[in-house]
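Everything in the sequence shown is counted per this note's numbering, starting at 269 for the first residue and increasing by one.
Don't be surprised by glycine CBs; every beta carbon is placed ideally from N, CA and C.
Values in this document were obtained by computation on a predicted structure and should not be read as measured data.
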Amino acid sequence: MHVYCTDLDGKTHELQATDEWTVMEIIREGGIPILAQCGGSCACATCHVYVDPSWKSKLPEPSEEEVGMLDGAFEVTQDSRLACQITFNKDLDGLKISLAPGSV
Ligand code: FES
Numbered sequence: 269m270h271v272y273c274t275d276l277d278g279k280t281h282e283l284q285a286t287d288e289w290t291v292m293e294i295i296r297e298g299g300i301p302i303l304a305q306c307g308g309s310c311a312c313a314t315c316h317v318y319v320d321p322s323w324k325s326k327l328p329e330p331s332e333e334e335v336g337m338l339d340g341a342f343e344v345t346q347d348s349r350l351a352c353q354i355t356f357n358k359d360l361d362g363l364k365i366s367l368a369p370g371s372v
């Protein structure tokens with residue numbers, strides 16, 4: 269299973285994805301630098317990513333906590349999510365995301 273992650277230079281990386289890992293952990297394990305300063309506690313917004321619009325409906329809605337934390341992130345769009353709050357599963361095989369400014 270894979271996640272496709274586009275970095276700030278526009279290069280797309282095919283990352284090995286593991287069931288039950290967060291997308292933030294998958295990005296890190298794939299060797300892509302992502303700040304993720306709070307380590308996945310939904311307390312920093314430095315794991316901000318943009319989810320490809322074609323995948324948005326396949327993700328659970330963000331929690332109030334995530335929405336609140338995204339309020340303080342840079343360049344938030346309707347595609348913004350926190351990578352540490354998305355838990356990967358087989359239905360997300362092929363998920364496409366892009367790193368957001370402030371996450372690297
Ligand atoms: S790693 Fe801090 S909010 Fe995701």
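Rounded straight-line distance, which links the Cα of residue j to that of residue i
i, j, result
"residue 313", "residue 337", "6 Å"
"residue 362", "residue 270", "5 Å"
"residue 323", "residue 297", "22 Å"
"residue 359", "residue 303", "26 Å"
"residue 332", "residue 279", "32 Å"
"residue 330", "residue 277", "27 Å"
"residue 308", "residue 292", "8 Å"
"residue 306", "residue 352", "10 Å"
"residue 327", "residue 285", "16 Å"
"residue 300", "residue 272", "11 Å"
Collapsed DSSP secondary structure at residue i in the structure displayed
i, result
"residue 360", "helix"
"residue 372", "coil"
"residue 334", "helix"
"residue 282", "strand"
"residue 322", "helix"
"residue 295", "helix"
7 Å CB neighbourhood of residue i in its chain, flanking five on each side removed
i, result
"residue 366", "274, 317, 318"
"residue 370", "314, 316, 341, 342"
"residue 310", "333, 334, 337, 350, 352, 353"
Nonlocal neighbours in the same chain, by C-beta distance under 8 Å from residue i, ignoring five residues either side
i, result
"residue 347", "318, 319, 320, 321, 324"
Which residues count as close to the ligand FES when the rule is a CB under 7 Å from any of its heavy atoms, in chain order? 292, 304, 305, 306, 307, 308, 309, 310, 311, 312, 313, 314, 315, 337, 350, 351, 352, 353
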